[in-house]
Amino acid sequence: MNKFSSDKISVGISSCLLGEEVRYDGGHKQSRFCRIELAKYFDFEPTCPEMAIGMGTPRKTIRLVEQDDIISLQASDGSFDVTEKMQEYAKRRLPQLAHHSGYVVCAKSPSCGMERVSVYSPAKNNATKDGVGTFTAELIKAYPILPIEEDGRLNDPILRENFVNRVFAYHQWKTLEHEGFTVAKVQDFHAKYKYLLMAHHPAKYRELGPLLANIKGNDDSEGFASYIEGFMGILKHNCSRKNHCNVLQHLQGYFKREITAQQREELAERIHEYREGLLPLLVPISLIQHYLREHPNHYVAKQAYLAPHPNELKLRYSL
């Protein structure tokens, strides 16, 4: 079984997204963003559930089928059913994935899709797009706060940045867990992510404080679990321009005595232009980082909001 390492960010992924020729037709569905960009920072561990249960390639296509309110995984021509095999494989495989800090699945796949997977109903002779792939459904149940995303949704700049944010944050949390939780460490973690949490959902951020305050001590595993459940739930919300501007204005306040009136006006203008959609988020953040270099502030410098992921990924260029 693989073990967690703080030195690398382990992320699960559907094998076909890394270019492995494991699809039903012997092809792949390579995600260049994952294989080329994210692979510089994530240690991908590929899995193809369909190959793992011995289906081979090329193979008959399979689909989700609903009969009598029960969803099964069957060959598209009805010649075989692999529901039980897939569920048994999931039970064996999922405990081996506890070291992951995220997972990327193949969209629309009856085994791996995260949402909008077609579910065929023989009685109605039609299909609805409200299913979840059989393996991914078990993955979500086993690891409800694990950042999971589909390859197709990663083409959306907002969803892409949100997912990468969550993976880096969750890896930081798992590093704390690996080292051994203490209340002091978690309080510092909370302080580090204050403004990133506010950017995602300010109201829920305020609700997170009492969860932190209610942790009874270093051995309160339930308290720590409740906190990170709330934390990861907040990060699932996409940031709005309004929330970003609120955070940027808060950060601006830390420099009100250090920078000149002209510099304050310039920063305020950049924030306003971002809110109006005239500039990307990177511009006001870069200006704040510039002032931070000129006027060091330890509390601001440690804020994950300013650099939640490597700048080389260019995730904030399109926000």
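Letter 161 of the sequence shown, counting from 1, is numbered 263 in the numbering used here, and no numbers are missing.
A virtual CB, placed ideally from N, CA and C, is assigned to each residue, including glycine.
Which of the three DSSP states is assigned to residue i in this structure?
i: A406; result: helix
i: L140; result: helix
i: Y401; result: helix
i: E367; result: helix
i: A177; result: strand
i: Q169; result: strand
i: I250; result: strand
i: Y205; result: strand
i: I317; result: coil
i: G355; result: helix
i: I336; result: helix
i: I373; result: helix
i: I58; result: What the structure shows of the chain is the stretch from 103 to 421, and residue 58 is not part of that stretch, so it cannot be assessed.
i: I164; result: strand
i: A200; result: coil
i: G325; result: helix
i: Y419; result: coil
i: I361; result: coil
i: L120; result: helix
i: N267; result: helix
i: Q391; result: helix
i: Y126; result: coil
i: N257; result: helix
i: L383; result: coil
i: N104; result: coil
i: E378; result: coil
i: Y191; result: helix
i: K344; result: helix
i: H411; result: coil
i: Y422; result: In the structure as shown, the chain starts at 103 and stops at 421, and residue 422 therefore has no counterpart that could be examined.
For residue i, which beta-bridge partners are listed by DSSP?
i: N426; result: Residue 426 cannot be examined here, being either before or after the span of the chain that is shown, 103 to 421.
i: T185; result: In DSSP, T185 forms no bridge with anything.
i: E147; result: G114
i: G233; result: V219
Rounded to the nearest angstrom, how far is the Cβ of residue i from that of residue j, given a contact under 8 Å?
i: E331; j: I247; result: 6 Å
i: V349; j: A301; result: 5 Å
i: G311; j: K318; result: So it is not a contact: roughly 16 Å between Cβ atoms.
i: L261; j: R255; result: 5 Å
i: Y272; j: M216; result: Contact doesn't hold; Cβ gap of about 17 Å is too wide.
i: L175; j: E240; result: Rounded, the Cβ-Cβ distance is 12 Å, inconsistent with contact.
i: E263; j: L421; result: 6 Å
i: C208; j: L119; result: 6 Å
i: Q289; j: L314; result: 7 Å
i: V206; j: S116; result: 7 Å
i: H374; j: I336; result: The pair is not a contact, with the Cβ atoms about 26 Å apart (cut-off 8 Å).
i: Y222; j: V167; result: 5 Å
i: D127; j: P160; result: 5 Å
i: G114; j: E123; result: Contact flag wrong, Cβ pair sits at about 19 Å.
i: N320; j: F283; result: 6 Å
i: Q198; j: N104; result: 6 Å
i: R165; j: S220; result: 7 Å
Under 7 Å: does the beta carbon of residue i sit that close to some heavy atom of the ligand FAD?
i: Y307; result: Among the components of this structure there are no ligands whatsoever, and the ligand FAD is therefore not found.
Inset, instruction - State whether the stretch 138-147 contacts the stretch 230-245, with contact taken as three or more CB pairs (one from each stretch) at a distance under 8 Å. - result: no
Inset, instruction - Take every Cβ of the stretch 334-345, pair it with every Cβ of the stretch 353-362, and state whether three or more of those distances are shorter than 8 Å. - result: no
Inset, instruction - Please confirm if the stretch 148-160 is in contact with the stretch 173-192, defined as three or more CB-CB distances below 8 Å between the two stretches. - result: yes
Inset, instruction - Report yes or no: do the stretch 207-215 and the stretch 265-282 share at least 3 C-beta pairs separated by less than 8 Å? - result: The stretch 207-215 makes no contact with the stretch 265-282; the number of CB pairs closer than 8 Å stays below 3.
Inset, instruction - Inspect the CB distances between the stretch 357-373 and the stretch 386-402 and report whether three or more fall short of 8 Å. - result: yes
Inset, instruction - Would you check if there are 3 or more beta carbon pairs closer than 8 Å linking the stretch 157-177 to the stretch 200-209? - result: no
Inset, instruction - Evaluate the contact criterion for the stretch 399-410 versus the stretch 285-300: three or more CB pairs, one atom per stretch, below 8 Å. - result: yes
Inset, instruction - Could I get the ranges of all uninterrupted alpha helix (DSSP H) runs contained in the stretch 275-318, with 4 residues as the minimum, in chain order? - result: For the alpha helix (DSSP H) assignment, the uninterrupted runs of no fewer than 4 residues enclosed by the stretch 275-318 are, from N- to C-terminal side, 285-294, 296-302 and 304-315.
Inset, instruction - Report yes or no: do the stretch 133-140 and the stretch 217-229 share at least 3 C-beta pairs separated by less than 8 Å? - result: no
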